[in-house]
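These notes concern the structure reproduced below.
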């Protein structure tokens, strides 16, 4: 139980285009979704927190106009990287708290390469 | 906000030896401390976790200790095997539904056969 499905698993896009990443909770309601970014050989850095029905909260240094987050339903949160540049190439992964549990469940991650 | 520091960044041990990874945290309200193992390009896999109401937890070859007063916790792997080689991350959270989880910088463990 408590599965988060993340798509796509990898994407290559041209510089200047936008990419949407989806995280869907399959068997529970995710009122909150955390979005992380991981550069090669580095840790998972929290980018933002999305809450269903309200605006996302962004960490310091993360541009909210560049990384658009939408959490329109209790089962779907999306991250859109707008006007992507090569420096946005990274591994993006979502995570949701598991209800009635202290744990968290992760999506499978999205490898974004901007060329 | 929470700040988690993890040491060492790399650790190399001989097969059969023990490995210890240490983390400290800054937020005294944190009460949930998981450890993750991550293979390259994959999602983190929970290997063990501990809540603040206990000081130690063990699962076969893996154990975690927590010192709330000192705000540090450690991962202990005994009888290491080559398949234990991976990157390990500690994390800390307040444990409530809307509270995020912060990760340490990671430790690359290499177990030499």
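Residue numbers (my numbering), protein chains in the order written: chain Z, 65 to 179; chain R, 10 to 122.
Virtual Cβ for every residue (Gly too), placed ideally from N, Cα, C.
- Between the stretch 40 to 57 of chain R and the stretch 112 to 121 of chain Z there are fewer than three C-beta pairs closer than 8 Å, too few to call the two in contact.
- Residues of the stretch 78 to 105 of chain R with a Cβ closer than 9 Å to any Cβ of chain Z, in chain order: 96, 98, 100, 102, 104 and 105.
- Between the C-alpha atoms of residue 28 of chain R and residue 53 of chain R there is a straight-line separation of about 19 Å.
- The DSSP-derived three-state label of residue 65 of chain R is strand.
- Listed along chain R are 52, each with a C-beta nearer than 8 Å to that of residue 171 of chain Z.
- Under the three-state reduction of DSSP, residue 58 of chain R is assigned to strand.
- Excluding five sequence positions before and after residue 78 of chain R, none of the CB atoms of its chain fall closer than 8 Å to its own CB.
- Chain Z places a beta carbon closer than 9 Å to that of residue 43 of chain R, counting this residue as a contact.
- DSSP places residue 92 of chain R within a helical segment (H, G or I) once states are collapsed to three.
- Judged by DSSP in its simplified three-state form, residue 24 of chain R adopts coil rather than helix or strand.
- Secondary-structure assignment with DSSP links residue 43 of chain R through a beta bridge to R:58.
- Beta-bridge annotation (DSSP): residue 131 of chain Z is paired with Z:145.
- For the C-beta of residue 113 of chain Z, the chain R residues within less than 7 Å are, from N- to C-terminus, 109.
- Residues of chain R with a Cβ closer than 9 Å to the Cβ of residue 98 of chain Z are, in chain order, 109 and 110.
- Sequence-distant Cβ neighbours of residue 163 of chain Z in its own chain, meaning closer than 6 Å and more than five residues away, are 92.
- Runs of the beta strand (DSSP E) lying entirely within the stretch 104 to 128 of chain Z, each at least 3 residues long, are 109 to 115 in chain order.
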